[in-house]
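These notes concern the structure reproduced below.
Protein chains in written order, with the working numbering: chain H, 331 to 448; chain S, 5 to 114.
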């Protein structure tokens, strides 16, 4: 059974960088799947942030591309997200998920809440 | 890229059918057969219920079905059950390895 687990600080100050890691188990992060980040502000809908392949190829939401970096560490079966210059609008539940070749997310982490506040 | 358009709410009585729409453009929903649907219960992560417009993952009841017409995809839930009460989100490939979600629809079972 594929499992994903997000980890990282739950509180980030405005203008700082939000960093999260997703640990994958039950599947090789070097398999034919892609790995992605999705967020959900409290009481709102889902927003795709970006996707990475084990080769390191990345694909970002154009609206966040200037602030977002996604990386992968195949030796640790982890992939990570860094979002710079955060504001209160970046407060959300952040999910990591496995993405199939045909653009759907079939396994999701439980999500981690990140609050941006001083 | 703009979010796909879903009605904020939908409802139906147990046993009835309800259809939720997801409207995009020819650059996303209408341009590819890569629409997926997710069910999200309160406090839970989204769960994939439809992919490739019409396909169901193993374990998803056949009461859930998907379709596509032009730039609008639809999710139909037949034989509504109490446990179907949840938020539903559509998603579509939008070209250049981009993805876009809909705003979500809250389904209430009356």
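For every residue, glycine included, the Cβ atom is placed at its ideal position computed from N, Cα and C.
Exercise. Whose Cβ in chain S lies nearer than 9 Å to the Cβ of residue 357/H?
Worked result: Here the premise fails: no neighbours, minimum Cβ distance about 15 Å.
Exercise. Can you tell me the Cα-Cα spacing of residue 9/S and residue 396/H, whole angstroms?
Worked result: About 26 Å.
Problem set entry | chain H contacts from the stretch 33 to 67 of chain S (Cβ-Cβ distance under 7 Å) | Answer set for the stretch 33 to 67 of chain S: 38, 40, 49, 50, 52, 55, 56 and 61.
Problem set entry | Under 7 Å by beta carbon: chain H residues contacting residue 75/S | Simply none; closest approach about 17 Å.
Exercise. Does DSSP put residue 109/S in a helix, in a strand, or in coil?
Worked result: The answer is strand: DSSP assigns residue 109/S an E or B state.
For this session: Determine which residues of the stretch 367 to 383 of chain H have a Cβ less than 9 Å from any Cβ of chain S, and write them out in chain order.
Result: Contact residues of the stretch 367 to 383 of chain H toward chain S are 368, 370, 374, 375, 376, 377, 378 and 381 (C-beta to C-beta distance below 9 Å).
Exercise. From residue 351/H to residue 102/S, what distance separates their C-alpha atoms?
Worked result: For residue 351/H and residue 102/S, the distance between alpha carbons rounds to 21 Å.
For this session: To the nearest angstrom, report how far apart residue 409/H and residue 19/S are at their CA atoms.
Result: Here the alpha carbon of residue 409/H sits roughly 43 Å from the alpha carbon of residue 19/S.
Exercise. Any contact of the stretch 28 to 40 of chain S with the stretch 75 to 93 of chain S, i.e. 3+ C-beta pairs under 8 Å?
Worked result: Between the stretch 28 to 40 of chain S and the stretch 75 to 93 of chain S, the count of Cβ pairs shorter than 8 Å is three or higher; the stretches touch.
Exercise. With which residues is residue 38/S paired in a DSSP beta bridge?
Worked result: Paired residues: none, contrary to the question.
For this session: Identify the contact partners of residue 28/S in chain H, using a Cβ-Cβ distance below 8 Å as the criterion.
Result: For a Cβ distance threshold of 8 Å, nothing in chain H lies close to residue 28/S: the least Cβ distance comes to about 13 Å.
Exercise. Any C-beta of chain S sitting closer than 8 Å to the C-beta of residue 435/H?
Worked result: For residue 435/H, the answer is yes, since a Cβ of chain S falls inside 8 Å of its Cβ.
Exercise. When you compare only the Cα positions, how much space is there between residue 447/H and residue 342/H?
Worked result: Using only the alpha carbons, I get a separation of about 6 Å.
Problem set entry | For residue 383/H, the residue or residues it bridges with in DSSP | Checking the DSSP bridge columns, you'll see residue 383/H has no partner listed.
Exercise. Residues bridged to residue 69/S by DSSP?
Worked result: According to DSSP, residue 69/S bridges with 80/S.
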